[in-house]
Amino acid sequence: MPGVGSLCHHGRVTAVDRTHPIAVFDSGVGGLTVLHECLVWLPHEDFVYLGDTARFPYGGRDADDLRARSLAVARRLRDDGAKMIVVACNSATSAALPALRDELGDAVAVVGTVEPAARLAAAATRNGRVGLLATPATVASGAYARTLADVDLTSVACPKLAPLIQAGGELDSRVVALVDEYCEPLIAAGVDTVVLGCTHYPLVRAVLQRALGRGVTIVSSGQAIADEVERQLTERDIENDTDRRGSYRFVCSGDAGEFRALAARSLQLPVDGVERIDIEEYVGVAGRAA
Ligand code: DGL
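Just so we're aligned, residue 1 is where the sequence shown starts under the working numbering, counting upward by one.
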């Protein structure tokens with residue numbers, strides 16, 4: 001609803017309206033695979049991307065830690081006036097989506113990764129055997145197992161893959177060996193569809209496809225999320241004017257120069273500047289839903 005006001009924890013009133021940006025966040029560069037799809041699909045919207053690089057990786061953290069951190073990030077984004085928050089991280093979505101929706105209430109829409117990706121996988125499988133590659137946090141949460149209850153799901157936790165991708169080195173034999181190791185149980189289980197349950201993994205999609213073979217359908221959440229964002233913008237009547245060209249900008253909690261270099265390689269669109277921001281002051285501060 002345009003013009004809805006929400007009281008932030010600093011006591012300022014933030015208005016949510018159609019001209020405000022959509023915020024997308026992840027622990028690092030993985031969420032850029034989601035931002036990429038959103039920028040292509042919704043070029044008339046403004047976006048702000050937050051990489052919580054000071055706390056990377058999320059994938060080895062426990063659920064309480066991930067919830068606290070995700071709430072802090074979301075409070076910051078809400079106070080900056082985001083009209084919608086896209087949790088472009090499976091680890092954060094798995095641990096924190098209900099808590100985020102509770103805290104942000106109706107004023108700010110929250111879109112997560114698990115449901116859109118699971119829906120695509122359920123539609124794609126022909127033999128009912130689906131594989132999941134994800135961080136230890138996402139696998140341990142059981143979020144995909146619950147959402148994909150009607151298929152035979154084989155899950156593989158990949159603790160080393162997102163850190164290797166985030167490190168930003170060349171795609172070399174180490175990546176291939178690691179991917180081969182993580183895909184092996186999925187091949188043994190005869191899956192015909194694999195969910196990339198971490199937003200970093202599409203950045204090594206070609207390596208994954210070669211390991212799995214061309215008969216396996218790889219599903220990632222990017223396009224499904226872009227569709228869901230559009231659906232919610234329409235439903236809430238907060239879509240920006242479609243005849244404009246939107247902008248996008250980047251913030252991160254760690255080293256800005258390092259993040260810019262990584263983002264420029266991953267996004268396939270120009271990355272002009274990155275601003276370093278502080279999230280610590282938002283940790284443990286209860287917010288107010290509108
Ligand atoms: N990109 C994040 C996800 O989708 C995880 C990477 C990390 O471990 O921080 O789960």
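Ideal Cβ positions, reconstructed from N, Cα and C, are used throughout, including at glycine.
Query raised in the report: Hey, would you say the C-beta of Y58 is under 8 Å away from at least one heavy atom of ligand 1?
Result: Yes.
Query raised in the report: By Cβ distance, which residues of its chain are closer than 6 Å to R249, with the 5 residues on each side in sequence left out?
Result: If we look at R249 and ignore the five residues flanking it on each side, its Cβ neighbours are V48.
Report task. Taking only runs that begin and end inside the region 76-131, name each unbroken beta strand (DSSP E) of 3 or more residues, in chain order. Result -> Taking only runs of at least 3 residues, the beta strand (DSSP E) segments lying wholly in the region 76-131 are 84-87, 109-111.
**Report entry** Cβ neighbours of N127 in the same chain (closer than 6 Å, five flanking residues each side left out)
**Finding:** Excluding sequence neighbours, N127 sits near D192.
Query - CA nearest to the CA of I279, picked from A189, V40, A54 - result: Of A189, V40, A54, the residue nearest in Cα terms is A54.
Query raised in the report: Identify the residues that DSSP records as bridge partners of C307: which are they?
Result: A question about residue 307 goes unanswered here, because the residues of the chain that appear run from 1 up to 290.
Query raised in the report: With a CB to CB cut of under 6 Å and the five nearest residues on each side skipped, what residues in its chain are close to T113?
Result: Closer than 6 Å at Cβ, skipping near neighbours: N90, T93, S221.
Query raised in the report: DSSP state of T135, grouped into three classes?
Result: Here T135 sits in coil by DSSP.
Query raised in the report: Which of the three DSSP states, helix, strand or coil, is assigned to D180?
Result: In the structure shown, D180 sits in a helix (DSSP, three-state: H, G or I).
**Report entry** Unbroken alpha helix (DSSP H) run spanning G222, endpoints
**Finding:** For G222, the enclosing alpha helix (DSSP H) stretches over residues 222-236.
Query raised in the report: What residues in its chain sit with their C-beta under 8 Å from that of R260, if we drop five residues either side in the sequence?
Result: Annotation for R260: F250, V271, G273, V274 place their beta carbon closer than 8 Å to its own, counting only its chain and skipping 5 residues before and after.
Requested in this report: Please go through the same chain and pick out, in chain order, the residues whose beta-carbon is closer than 7 Å to the beta-carbon of Q223, but skip the five residues on each side of it.
Outcome: If we look at Q223 and ignore the five residues flanking it on each side, its Cβ neighbours are E37.
Report task. Out of E170, V176, L196, I165, state which residue places its alpha-carbon closest to the alpha-carbon of T154. Result -> Minimum Cα distance to T154 is reached at L196.
Query - Delimiting residues of the beta strand (DSSP E) encompassing L153 - result: Element bounds for L153: 152-157.
**Report entry** Inter-stretch contact (C-beta, 8 Å, three-pair minimum) for the region 70-81 and the region 227-240
**Finding:** Contact between the region 70-81 and the region 227-240 is absent, because fewer than three Cβ pairs lie under 8 Å.
Requested in this report: Would you mind reading off the limits of the beta strand (DSSP E) that contains A189?
Outcome: Run containing A189: none; DSSP gives neither H nor E here.
Query raised in the report: Based on the DSSP secondary-structure assignment, which residues constitute the bridge partners of A23?
Result: In the DSSP output, where bridge partners are listed per residue, A23 has V48, I85.
Query raised in the report: Looking only at DSSP bridge pairs, what is L203 linked to?
Result: L203 is not bridged to any residue.
Requested in this report: Report yes if the C-beta distance between V156 and V130 is below 9 Å; otherwise report no.
Outcome: No, they are not a contact pair.
Query raised in the report: At which residues does the alpha helix (DSSP H) containing V216 begin and terminate?
Result: Taken as a continuous stretch (DSSP letters only), V216 belongs to no alpha helix (DSSP H), as it is neither H nor E.
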